[in-house]
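Peer 1:
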Amino acid sequence: GTQVEQGGGGRGPGGVVGRGGPAAFAAQAVSDLAGALDVFLEKRGALRPLRPGFVLNPPDDEQRQLQRKLLGLTLNDTAVWEREDKLRDATLDLLYSSPLAATPSGSNTRRALTPAPVLALYNLLCFALDTLFKNRPIQRFHTLELVARMPYFAYISMLHLYETLGWWDERGAAVRRVHAAEEWNEKSHLNIMIELGGDKFWFDRFLARHAAFFYYWALVLMWLASPRVAYNFSQLVETHAVLTYTQFLEENEQLLRSLPAPPAAAEYYLQQLFYFDEFQTSQKPRARRPGVDNLYDVFVNIRDDEAEHVKTMVQCQLSDRAVRSPNDLAIAEEEADAAWGEQGAAGAPGGGPWPDELETAADE
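The working numbering applies: residue 1 is where the sequence shown begins, and numbers increase by one.
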């Protein structure tokens, strides 16, 4: 299919990193050369076509045919940056025009602004994705989803450290539970991209694995310096993912609707529902039950999952209470209702306010 030209003329948030130019051209040339060398060596048996050690559904003829059809997919990353610029400008206007921002309690509002070094790191990450995966959206998404697991690994590691030191015992346990479900969500996205052929080339696998290694340690250090800054960085990355998938869906809707959903998508979205509910802190359990009738539905689900991650990252920055999973909250509410019902059966007057401890349990 005809590929949409990408990478020229756009800019990152605040214009920190430009698009195009000699550096981008050189990086793209290296990427193309490495990819061609990878194919050459694999065809001649010098390199074994590596695959991850654990694959839920090894590709069959139908999947290989699907992967060939995906070669017609496009992604205009310049349009993605235009979306991001508009969103950032609107966010800044909202923050600075809010009366709350001028008050002492407006500190939480101003915390949504990103420190310059973190913004520079974010721009560098996005620049690398735009340059190395130009006109290759599925390979880009494979790398993005593999790397996207690292923040949750890093945050869980640091929360374990905090608990070992006697800090954040209960709060840390609640947040770890949500982060574990978030990581599993990203792993499920990764399984989908593997079945779509995103890990086909050795160079892409090499790049993604090594990027994930360094990304993990960078986030450990960032969280050690400031958990709030680390969560803000993840908010930026997840927001970029939402906008990228939105642009991808708009460009490729007709083709995606004509293609079947891969088995890994049905495995996650139709069967692993308890864990699916765990990470969606803005929803009640069973509130989201997305369909997987075709590949378009799958990418809509992934885009919406990333939006849920954004909401959770915001809560981790701004909430004074521990972020808790919807399933945990539902259990606490059921226990509070049962306890109140038992109290009423024992002769306590009905219709009045809950006891303080039950009110607290339900609120939390």
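Note that the Cβ used here is the ideal one computed from N, Cα and C, for glycine as well.
Here the structure is a predicted model, which is why all the values come from computation and not from measurement.
Does any heavy atom of the ligand NAP sit closer than 7 Å to the C-beta of tryptophan 168?
Peer 2: Absence of the ligand NAP from the depicted structure is noted, as is the absence of any ligand whatsoever, leaving it without description.
Peer 1: Buried or exposed: arginine 141, going by 16 or more other Cβ atoms within 10 Å of its Cβ?
Peer 2: On the sequence shown, position 141 is the one that residue 141 refers to. The question names arginine, but residue 141 is phenylalanine in the sequence shown. So phenylalanine 141 ends up on the buried side.
Peer 1: Taking the alpha helix (DSSP H) that arginine 205 falls in, what are its first and last residues?
Peer 2: Position 205 of the sequence shown, counting from 1, holds the residue named residue 205. Element bounds for arginine 205: 202–225.
Peer 1: Using only CA atoms, which one of Arg64, Thr114, Gln67, Ala128 lies nearest to valine 30?
Peer 2: Locating residue 30 in the sequence shown gives position 30, counting from the first residue. Out of Arg64, Thr114, Gln67, Ala128, Ala128 has the C-alpha closest to the C-alpha of valine 30.
Peer 1: Closest to cysteine 316 by CA distance: which of Arg303, Ser282, Tyr275 is it?
Peer 2: Numbered from its first residue, the sequence shown carries residue 316 at position 316. Nearest option by C-alpha distance: Ser282.
Peer 1: Can you grab the Cα-Cα spacing for the pair leucine 236 / glutamate 42, in whole Å?
Peer 2: Within the sequence shown, the letter at position 236 stands for residue 236. Within the sequence shown, the letter at position 42 stands for residue 42. Cα to Cα, leucine 236 sits roughly 37 Å from glutamate 42.
Peer 1: Identify whether glutamine 283 lies in helix, strand or coil by the three-state DSSP scheme.
Peer 2: Indexing the sequence shown from 1 puts residue 283 at position 283. Three-state result, glutamine 283: coil.
Peer 1: Please state the DSSP three-state secondary structure of aspartate 297.
Peer 2: The residue you call residue 297 lines up with position 297 of the sequence shown. In this structure, aspartate 297 counts as helix in the three-state DSSP scheme.
Peer 1: So what does DSSP say about tryptophan 81, is it helix, strand or coil?
Peer 2: Numbered from 1 along the sequence shown, position 81 holds the residue referred to as residue 81. Reduced to three states, the DSSP call for tryptophan 81 is helix.
Peer 1: Report yes if the C-beta distance between leucine 71 and leucine 255 is below 8 Å; otherwise report no.
Peer 2: Residue 71 sits at position 71 when you count from the first residue of the sequence shown. Residue 255 sits at position 255 when you count from the first residue of the sequence shown. Their beta carbons are not under 8 Å apart, which means leucine 71 does not touch leucine 255 by this criterion.
Peer 1: So glutamine 272 is in the alpha helix (DSSP H); what residue range does that whole segment cover?
Peer 2: Numbered from 1 along the sequence shown, position 272 holds the residue referred to as residue 272. Run containing glutamine 272: none; DSSP gives neither H nor E here.
Peer 1: Considering Cα atoms alone, identify which of Arg324, Glu145, Ala154, Met158 is closest to aspartate 305.
Peer 2: Here the question's residue 305 lines up with position 305 in the sequence shown. Ranking the options by Cα distance to aspartate 305, first place goes to Glu145.
Peer 1: Does DSSP classify aspartate 130 as helix, strand or coil?
Peer 2: The residue labelled residue 130 in the question sits at position 130 within the sequence shown. Aspartate 130: helix per DSSP, three-state reduction.
Peer 1: By DSSP, does valine 242 sit in helix, in strand, or in coil?
Peer 2: Stepping through the sequence shown from its first residue, residue 242 is reached at position 242. It is helical.
Peer 1: To the nearest whole angstrom, what separates the beta carbons of tyrosine 275 and alanine 181, a pair I think is in contact under 8 Å?
Peer 2: Here residue 275 refers to the residue found at position 275 when the sequence shown is read from its first residue. Here residue 181 refers to the residue found at position 181 when the sequence shown is read from its first residue. By a beta-carbon distance limit of 8 Å, tyrosine 275 contacts alanine 181. Their separation comes to about 5 Å.
Peer 1: By a C-beta neighbour count over all protein chains shown, 10 Å radius and 16 as the cutoff for buried, is histidine 160 buried or exposed?
Peer 2: On the sequence shown, residue 160 is found 160 positions in, with the first residue counted as 1. With fewer than 16 other Cβ atoms from the protein chains shown falling within 10 Å of its own Cβ, histidine 160 counts as exposed.
Peer 1: Going by DSSP, what residue range makes up the alpha helix (DSSP H) through serine 157?
Peer 2: Translated into the one-based positions of the sequence shown, residue 157 becomes position 157. Element bounds for serine 157: 150–164.
Peer 1: Applying the 10 Å Cβ sphere with the 16-neighbour rule, what's the burial state of tryptophan 223?
Peer 2: In the sequence shown, residue 223 corresponds to position 223, counting from 1. Buried, because 16 or more other Cβ atoms sit within 10 Å of the Cβ of tryptophan 223.
Peer 1: Rounded to the nearest angstrom, what separates lysine 69 and leucine 259 at their Cα positions?
Peer 2: As a first step, residue 69 must be located in the sequence shown, where it is residue number 69. As a first step, residue 259 must be located in the sequence shown, where it is residue number 259. Near 8 Å, if we compare the C-alpha coordinates of leucine 259 and lysine 69.
Peer 1: Contact defined as beta carbons within less than 8 Å: I believe aspartate 328 pairs with alanine 225. What is the distance between those atoms, to the nearest angstrom?
Peer 2: Walking along the sequence shown from the start, residue 328 turns up at place 328. Walking along the sequence shown from the start, residue 225 turns up at place 225. Incorrect: roughly 29 Å between the Cβ atoms, too far for contact.
Peer 1: Look at the Cβ atom of asparagine 76, then the Cβ atom of glutamate 251, and state whether they are nearer than 8 Å.
Peer 2: Reading the sequence shown from its first residue, position 76 is the one you call residue 76. Reading the sequence shown from its first residue, position 251 is the one you call residue 251. In contact: asparagine 76 and glutamate 251 (Cβ atoms closer than 8 Å).
Peer 1: What residues in its chain sit with their C-beta under 6 Å from that of valine 80, if we drop five residues either side in the sequence?
Peer 2: Numbered from its first residue, the sequence shown carries residue 80 at position 80. Leu243, Thr244, Gln247, listed in sequence order.
Peer 1: By Cβ distance, which residues of its chain are closer than 6 Å to glutamate 308, with the 5 residues on each side in sequence left out?
Peer 2: Translated into positions along the sequence shown, residue 308 becomes position 308. Result list for glutamate 308: Gln280, in chain order.
Peer 1: Alpha carbon to alpha carbon, how far is glycine 166 from histidine 179? Give it in angstroms, no decimals.
Peer 2: Along the sequence shown, one-based indexing puts residue 179 at 179. Along the sequence shown, one-based indexing puts residue 166 at 166. Roughly 20 Å separates the two Cα atoms.
Peer 1: Does DSSP put arginine 288 in a helix, in a strand, or in coil?
Peer 2: Start at 1 with the first residue of the sequence shown, and residue 288 comes out as number 288. Coil at arginine 288, not helix or strand.
Peer 1: Indicate whether methionine 150 and leucine 219 have their beta-carbon atoms separated by less than 8 Å.
Peer 2: To locate residue 150, count along the sequence shown from 1; it is residue 150. To locate residue 219, count along the sequence shown from 1; it is residue 219. Result yes, Cβ atoms of methionine 150 and leucine 219 sit closer than 8 Å.
Peer 1: Tryptophan 202 to isoleucine 192, Cα distance in whole Å?
Peer 2: As a working mapping, residue 202 is identified with position 202 in the sequence shown. As a working mapping, residue 192 is identified with position 192 in the sequence shown. Their backbone Cα atoms lie some 18 Å apart in a straight line.
Peer 1: Using 10 angstroms around the beta-carbon of serine 325, count the other beta-carbons present and answer buried if the total reaches 16, otherwise exposed.
Peer 2: Within the sequence shown, residue 325 is the residue found at index 325, counting from 1. The residue in question, serine 325, is buried, as its Cβ has 16 or more Cβ neighbours within 10 Å.
Peer 1: What's the C-alpha gap between leucine 66 and leucine 295?
Peer 2: Taking the sequence shown and counting its residues from 1, one reaches residue 66 at position 66. Taking the sequence shown and counting its residues from 1, one reaches residue 295 at position 295. So the two alpha carbons sit approximately 10 Å from each other.
Peer 1: Do you know how far the Cα of arginine 286 is from the Cα of alanine 35?
Peer 2: Indexing the sequence shown from 1 puts residue 35 at position 35. Indexing the sequence shown from 1 puts residue 286 at position 286. It is worth fixing the name first, because residue 35 is glycine in this sequence and not alanine. Near 43 Å, if we compare the C-alpha coordinates of arginine 286 and glycine 35.
Peer 1: Short of 6 Å in beta carbon distance, which residues of its chain neighbour alanine 212, apart from the five on each side in sequence? Order them along the chain.
Peer 2: Taking the first residue of the sequence shown as position 1, residue 212 is located at position 212. Taken in chain order, the residues that qualify are Leu146, Val147, Met150.
Peer 1: Can you tell me whether DSSP reads leucine 365 as helix, strand or coil?
Peer 2: Since the displayed the chain opens at 1 and closes at 364, residue 365 lies outside it and no answer follows.
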